[in-house]
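Residue numbers (my numbering), protein chains in the order written: chain A, 526 to 783; chain B, 29 to 444; chain C, 5 to 298. Here is the structure we will look at.
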C-alpha cells in the first residue's frame with residue numbers, strides 16, 4: 526500500500542450516551558474505491574464527518590498523506606484535497622449551475638479566472654454547457670446529481686467521500702452513476718469512499734468494502750469476502766433494508782460550531 | 029414548507045418578544061395610583077446640631093438623567109449657598125442621593141433609600157409617572173416632596189397627596205400663555221398644530237392651545253401628528269406646504285429628539301412660520317450644530333438661563349453654575365435650585381421641618397418670592413398657574429427673553 | 005397632483021433609508037441566522053463619530069466615520085458573535101439583544117443621555133424645484149446612494165469570489181465549508197458590509213434629523229426588523245422591497261388617515277404587516293435558505 530492515503534486510527538465519536546463511532550480504523554489509498562456500508566445508525570456518516578472536520582472525534586487520529594489533520598476545520602481539510610458530498614445533493618439552489626461548480630474551484634484557492642475555465646471545461650465534459658446559467662434549484666434531478674459531483678470535482682480532490690450518491694435514483698440512473706464514478710477515478714486517479722445502501726452500486730464499484738455496525742467495524746474485505754462473512758449477513762445483509770432502518774434510526778446530524 | 033413556516037413563526041415570536049422588551053425599557057410605563065392620604069404623624073425633631081437632610085431620589089443614570097442631573101446641579105449650588113449663610117433654622121443642610129436609574133419601578137426604592145438616610149424633605153424626578161413612586165413614599169412618611177419640573181397637576185394633592193408639589197407648569201398654562209402671546213403681542217391670526225402624541229403633556233398642550241387660540245379669534249389652519257422617534261416628518265411638512273398659505277405660528281407640542289427633528293425638517297423645507305414650543309425644547313444642544321442659525325423659534329419657560337432673566341437673582345445663579353460647571357441647557361437647573369429655597373422658606377415659616385407644618389405655610393403662598401421666582405399654591409392646587417412665564421425667542425441661534433406674561437385665562441386642569 | 009407626487013418623493017426617501025437599515029440586518033441574517041439587534045447601535049456609533057470627529061473636509065470626516073463603524077462591526081463579530089456561532093437561534097438573538105443594550109448603556113454613561121446635534125451635508129438640505137414640486141437635494145442623495153450601494157452589492161455578490169462564496173454560505177453553510185469556504189472570512193466580510201451599510205445609513209439619518217442620541221438605534225432596528233420580516237427573512241431583495249413598502253405605507257397612511265386616527269398610524273402599519281404575513285407567512289419574497297436552515 527502506498528504512503529499517500531487517508532489513514533484513520535481508532536476513531537471514536539461519542540455523543541451523550543451513544544457511541545456513534547467506536548474505535549474504527551480506516552485506510553483509503555489513491556485510486557482505490559472503498560465502500561462503507563452498514564445498517565442505518567451504524568455510524569457511517571458520523572465517521573465521514575469525523576474525517577472531514579465536521580465532527581471533532583472523541584478519540585483517534587486522522588492522517589492525510591502522513592500529515593495529521595485531526596481537529597482541522599472543514600475548509601482546511603477541503604483545501605488539503607479531501608472533497609465530500611452530503612446525503613442529498615444540496616446544491617446551492619439560488620446559484621446558477623455554473624456558480625455551483627465554480628465554487629468548488631474557488632474553495633481550494635483557484636483564481637476567479639482559473640475557476641471559470643475549470644467550470645466551463647467540466648460542464649462541457651458532462652454535456653451540461655447549456656445548463657450553465659440556469660439556477661440550480663430549477664434543474665432536472667439527474668442534472669442536479671451531475672452538477673453535485675462536478676462541484677466536488679472542481680476542488681480537484683485527491684480523495685472523494687460520497688455520502689449516498691445514488692439515493693432516490695432508479696436503476697438506470699444508478700448504473701450511469703456507477704459508470705461515472707468509475708470514470709472519475711480512472712481519469713483523476715483519486716481515492717473514492719462511497720457510503721451507499723444500494724448494493725448493486727457497491728458491489729459493482731468497490732474493490733474493498735468496510736462494514737460498520739453499532740459504531741464498530743465488523744467486516745473488511747473484497748466484495749466477495751464481505752458477502753460471505755456471517756457477521757455481515759446477520760447484521761446487515763440478512764435483514765431487509767426497511768426493517769433495519771426502523772430498528773436503528775439514523776443519528777441526527779450535529780450542528781457544527783465555528 | 030409547513031415545517032418552514034411554523035419555525036418561521038417561532039422565530040418571529042422570539043424576535044418580537046425581544047423587541048417588545050427593548051421598547052418597554054425605553055417607553056414610559058403606567059403608574060399605579062397609590063394611597064392618597066398617608067399618615068403625617070411621626071416627625072422626629074432631631075437635635076439642633078444634626079444637619080437637615082434633603083433627599084434626592086432622581087435618575088442619576090439612564091435616559092432621564094438628561095433632565096435630572098441639571099436639576100441636581102442647581103440643588104447642590106443652593107445647598108452650598110444656604111450652608112455658607114448659616115443654614116436653615118441654624119442647622120446645616122446635607123444632600124443625600126439615590127438613583128432611580130430612569131426606571132419607573134425603581135422610584136419607590138430610591139425614595140425609601142433617602143428616607144432611611146433621614147431625609148426631611150425630598151426632591152424627585154421631574155415627571156408625574158417617573159417621580160410618582162418616590163413621591164408616594166415621601167407622602168407616606170409625611171415629608172414634603174417636590175418635583176422640580178413635573179408639568180401635570182396630578183403631581184400634587186389629587187394624584188400623590190397633600191405633601192407633593194411641582195415647580196413645573198401645567199400644559200394648559202403653557203399653551204394659554206403661548207396663544208395669548210401670539211394673538212395679543214404678535215398679532216398672529218393663523219396657527220397650525222403639530223403634535224408629537226407620545227406624552228399626555230404634549231397632547232394637553234396642543235388641545236388647550238387650540239381652545240384658547242380659537243376663543244381669542246385666531247384660526248387653526250390644520251393639525252397633524254408625529255411620533256417622537258420618527259426619523260422623518262416629510263409627510264407632515266408636505267401637508268403644511270400644501271395648505272396654500274403659510275401659517276403665522278406653528279404650535280409644536282413635542283420634546284427632543286423628535287421635536288428637534290421636526291424643527292430641522294420644517295426649516296430645511298423652507299417653512300418659515302414662527303414656531304412655538306414648551307420648556308422641554310429649551311437649550312442650544314439640540315440645534316447648535318444642525319440648525320446653527322435657527323430663527324423664529326420660541327419657547328415658554330419659567331426662567332431664562334441665557335443671562336437675561338427679569339430676575340437678577342436667577343441671572344446670578346446662572347453665572348454661578350456656568351462658572352462652576354458649564355452653561356446650563358435648560359431652566360430645570362433653576363428649578364432644582366429653587367426647590368431647596370422652597371424647603372428653606374417653608375421650614376423657616378413653620379419653624380419646623382415637620383411636613384404638615386410646612387404644607388400649612390406653603391398652601392398660603394401668593395406670589396411668594398422664592399429664590400427669584402414668585403410661587404403661588406393653594407390647598408387644592410400644588411401647581412403654580414399664576415406664574416409669570418418668559419417667552420424666549422431663538423434668533424440666529426441666540427436665546428433672548430422677548431416677553432414676560434402670566435396666563436390670563438385659567439383653563440381647568442382636570443378633566444377636559 | 006403636485007401634492008401626491010410630493011408624497012411619493014417623501015415615501016421614496018423614507019423607503020430608501022429603511023431599505024438601508026433592512027439590508028444590514030438581512031445580510032447578517034442570511035449568513036448566520038442572526039437577527040442582529042445591535043445593528044442599530046452601529047448606526048449610533050456612526051452618529052457619534054460625526055459628533056466628535058471634526059475634520060477639515062466633509063469627505064475626510066465621512067470616510068473616517070465609515071472606517072470606524074466597519075471596524076466596530078468587525079470587533080462586534082469577533083468579540084460577541086463568534087463565540088456563539090452555530091448556537092441556537094434564541095441564543096443568538098439574546099446575545100445580540102445584550103450587545104445592543106450594553107452599547108446603549110455605554111453611550112449613556114460615557115456621553116450622556118442628552119442627545120447631541122450634528123451638522124453634516126447641510127448643503128444638501130436645500131431644495132430645488134421641478135415645476136411645482138419642491139425636492140430636497142438630500143432626498144435625491146438618499147435615493148441615489150441607496151441605489152448605488154444596492155448595485156455595488158449586487159455586483160459584489162454576483163461577480164466576486166467572496167460574493168459567490170457568501171451567497172453559497174447564506175444558503176447552506178455546512179456545504180459551503182465542505183467546499184473550502186472559510187467561515188471566518190465570509191462572516192467577517194458580511195459584518196464589514198453591514199458596517200458599511202450602517203455607516204451610510206448613519207450619514208443619511210443624521211443629515212436628515214440633525215440629532216444623535218444613545219437610543220437612536222432602536223428606531224433603526226424596529227424599522228429594519230419590520231422591513232425584513234415583510235420582505236422575507238433571508239432574502240436581500242426582500243429586505244430592500246420591505247424597506248420601500250414600509251416607507252411608502254408610513255407616508256401614505258400619514259397623508260390619508262383622518263386626524264383622529266393619525267396617532268394610530270403605526271398601529272395601522274403593523275396591522276397591514278400582520279395581514280401580509282397571514283397571507284404570505286414567508287414574507288413577500290420567500291427564501292429557501294430560511295426554510296432549510298431554521
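Ideal placement from N, C-alpha and C gives every residue a C-beta, glycine not left out.
- Item | Boundaries (first-last residue) of the alpha helix (DSSP H) holding residue 157 (chain B) | In the second chain, residue 157 (chain B) corresponds to position 129, counting from 1. Looking at the DSSP string, the run of the alpha helix (DSSP H) that includes residue 157 (chain B) is 156 to 169.
Residue range of the alpha helix (DSSP H) that includes residue 574 (chain A):
Here residue 574 (chain A) refers to the residue found at position 49 of the first chain. Taken as a continuous stretch (DSSP letters only), the alpha helix (DSSP H) holding residue 574 (chain A) covers 569 to 577.
Residues of chain C with CB closer than 8 Å to the CB of residue 264 (chain B), please, in chain order.
Stepping through the second chain from its first residue, residue 264 (chain B) is reached at position 236. Simply 258.
- Task: Count the other CB atoms, across all protein chains shown, that sit within 10 Å of the CB of residue 87 (chain C); report buried if there are 16 or more and exposed otherwise.
- Result: For the purposes of this step, residue 87 (chain C) is taken as the residue at position 83 of the third chain. With fewer than 16 Cβ atoms within 10 Å of its Cβ, residue 87 (chain C) is classed as exposed.
Report yes or no: is there a C-beta of chain A within less than 7 Å of the C-beta of residue 176 (chain C)? By 1-based counting over the third chain, the position of residue 176 (chain C) is 172. Yes, its Cβ sits closer than 7 Å to a Cβ of chain A.
Residue ranges of each beta strand (DSSP E) within the stretch 312 to 379 of chain B, 3 or longer:
325 to 329
With a threshold of 7 Å between beta carbons, is residue 96 (chain B) in contact with chain C?
The residue given as residue 96 (chain B) occupies position 68 in the second chain. Not an interface residue.
Could I get the ranges of all uninterrupted alpha helix (DSSP H) runs contained in the stretch 630 to 668 of chain A, with 4 residues as the minimum, in chain order?
637 to 650
- Query: Can you list, in chain order, the residues of its chain whose CB lies under 7 Å from that of residue 204 (chain C), leaving out five sequence neighbours each side?
  - Reply: Taking the third chain and counting its residues from 1, one reaches residue 204 (chain C) at position 200. Here the set comprises 24, 149 and 153.
inquiry  = Determine whether the beta carbon atoms of residue 100 (chain C) and residue 316 (chain B) lie at a separation below 7 Å.
reply    = Position 96 of the third chain, counted from the start, is the residue given in the question as residue 100 (chain C). Position 288 of the second chain, counted from the start, is the residue given in the question as residue 316 (chain B). Taking 7 Å as the Cβ cut-off, residue 100 (chain C) and residue 316 (chain B) do not qualify as a contacting pair.
> Based on the DSSP secondary-structure assignment, which residues constitute the bridge partners of residue 146 (chain B)?
Replying inline: Start at 1 with the first residue of the second chain, and residue 146 (chain B) comes out as number 118. In DSSP, residue 146 (chain B) forms no bridge with anything.
message = Quick check: what's the CA-CA separation for residue 291 (chain B) versus residue 274 (chain C)?
response = Counting from one through the second chain, the residue named residue 291 (chain B) turns up at place 263. Counting from one through the third chain, the residue named residue 274 (chain C) turns up at place 270. Using only the alpha carbons, I get a separation of about 27 Å.
Problem - 3 or more residues per run - each beta strand (DSSP E) lying fully within the stretch 662 to 743 of chain A - result: 684 to 688, 716 to 720 and 733 to 738
Task: Sufficient close CB pairs (3 or more, under 8 Å) joining the stretch 720 to 733 of chain A to the stretch 555 to 565 of chain A - done: yes
- Continuous alpha helix (DSSP H) stretch holding residue 235 (chain B): start and end: By 1-based counting over the second chain, the position of residue 235 (chain B) is 207. 228 to 243 is the extent of the alpha helix (DSSP H) around residue 235 (chain B).
Quiz prompt | chain A residues whose Cβ lies nearer than 8 Å to that of residue 38 (chain C) | solution = On the third chain, residue 38 (chain C) is found 34 positions in, with the first residue counted as 1. None at all; the shortest Cβ gap to chain A is about 14 Å.
So, residue 236 (chain C) versus residue 169 (chain C), is the Cβ gap smaller than 7 Å? The residue labelled residue 236 (chain C) in the question sits at position 232 within the third chain. The residue labelled residue 169 (chain C) in the question sits at position 165 within the third chain. No.
What are the boundary residues of the beta strand (DSSP E) that residue 246 (chain C) is part of?
Numbered from its first residue, the third chain carries residue 246 (chain C) at position 242. Run containing residue 246 (chain C): none in the beta strand (DSSP E); it sits in the alpha helix (DSSP H), 240 to 260.
Item to complete: Give me the Cβ distance between residue 536 (chain A) and residue 546 (chain A), rounded to the nearest whole Å; I'm assuming they're in contact under 8 Å.
Response: Mapped onto the first chain, residue 536 (chain A) falls at position 11. Mapped onto the first chain, residue 546 (chain A) falls at position 21. Yes, they are in contact, since the Cβ atoms of residue 536 (chain A) and residue 546 (chain A) sit about 6 Å apart, within 8 Å.
Review point. From residue 573 (chain A) to residue 600 (chain A), what distance separates their C-alpha atoms?
Key: On the first chain, residue 573 (chain A) is found 48 positions in, with the first residue counted as 1. On the first chain, residue 600 (chain A) is found 75 positions in, with the first residue counted as 1. Between residue 573 (chain A) and residue 600 (chain A), the C-alpha separation is close to 15 Å.
Give me the subset of the stretch 259 to 272 of chain C whose CB atoms are less than 8 Å from a CB atom of chain B, sorted by chain position. 259, 263, 266, 267, 269 and 270
**Amino acids of chain B, ordered along the chain, whose beta-carbon sits closer than 8 Å to that of residue 11 (chain C)** = To locate residue 11 (chain C), count along the third chain from 1; it is residue 7. In chain order: 263 and 266.
#### Entry: Proximity of residue 416 (chain B) and residue 432 (chain B) at Cβ, strictly below 7 Å
Start at 1 with the first residue of the second chain, and residue 416 (chain B) comes out as number 388. Start at 1 with the first residue of the second chain, and residue 432 (chain B) comes out as number 404. Result yes, Cβ atoms of residue 416 (chain B) and residue 432 (chain B) sit closer than 7 Å.
**Asked** In chain order, what residues of the stretch 232 to 257 of chain B put their CB closer than 9 Å to some CB of chain D?
**Response** The structure shown contains no chain D; the protein chains it does contain are A, B and C.
request  = Output, in sequence order along the chain, the residues in the stretch 122 to 136 of chain C whose CB is closer than 7 Å to any CB in chain B.
outcome  = 122, 123, 129 and 131
Since residue 89 (chain B) meets chain C, which of its residues come closer than 9 Å, beta carbon to beta carbon? On the second chain, residue 89 (chain B) is found 61 positions in, with the first residue counted as 1. Near residue 89 (chain B) (Cβ distances below 9 Å), the residues of chain C are 109, 112, 113 and 117.
Worksheet item: Using a Cβ-Cβ distance under 7 Å, would residue 82 (chain C) count as near chain A?
Response: The count along the third chain starts at 1 and reaches residue 82 (chain C) at position 78. Not an interface residue.
Those residues which DSSP pairs with residue 410 (chain B) across a bridge
The count along the second chain starts at 1 and reaches residue 410 (chain B) at position 382. Bridge partners of residue 410 (chain B): none, in fact.
Report task. Identify each residue in the stretch 282 to 300 of chain B for which the Cβ-Cβ distance to at least one residue of chain C is less than 7 Å, and report them in chain order. Result -> 284, 285, 288, 289, 292, 296, 297 and 298
Taking 7 Å as the threshold (beta carbon to beta carbon), is residue 18 (chain C) in contact with chain A? Here residue 18 (chain C) refers to the residue found at position 14 when the third chain is read from its first residue. Taking Cβ atoms only, chain A never reaches closer than 7 Å to residue 18 (chain C), which makes this a no.
* Asked: Would the beta-carbon of residue 225 (chain C) fall within 7 Å of that of residue 41 (chain C)?
  -> Within the third chain, the letter at position 221 stands for residue 225 (chain C). Within the third chain, the letter at position 37 stands for residue 41 (chain C). Contact: yes.
- DSSP three-state assignment for residue 432 (chain B), whether helix, strand or coil: Counting from one through the second chain, the residue named residue 432 (chain B) turns up at place 404. Reduced to three states, the DSSP call for residue 432 (chain B) is strand.
Q) Going by DSSP, what residues sit across from residue 402 (chain B) in a beta bridge? A) Here residue 402 (chain B) refers to the residue found at position 374 of the second chain. DSSP lists B:397 as partners of residue 402 (chain B).
Where does residue 586 (chain A) fall in DSSP's three states?
-> For the purposes of this step, residue 586 (chain A) is taken as residue 61 along the first chain, with counting starting at 1. Correct three-state label for residue 586 (chain A): strand.
Exercise for the section: Leaving out five residues on either side along the sequence, give the residues of the same chain with a beta carbon under 6 Å from the beta carbon of residue 267 (chain B). Expected result: The sequence position of residue 267 (chain B) within the second chain is 239, counting from 1. If we look at residue 267 (chain B) and ignore the five residues flanking it on each side, its Cβ neighbours are 252.
| query | Within the chosen definition, does the stretch 647 to 662 of chain A reach the stretch 609 to 628 of chain A through at least 3 CB pairs nearer than 8 Å? | reply | yes
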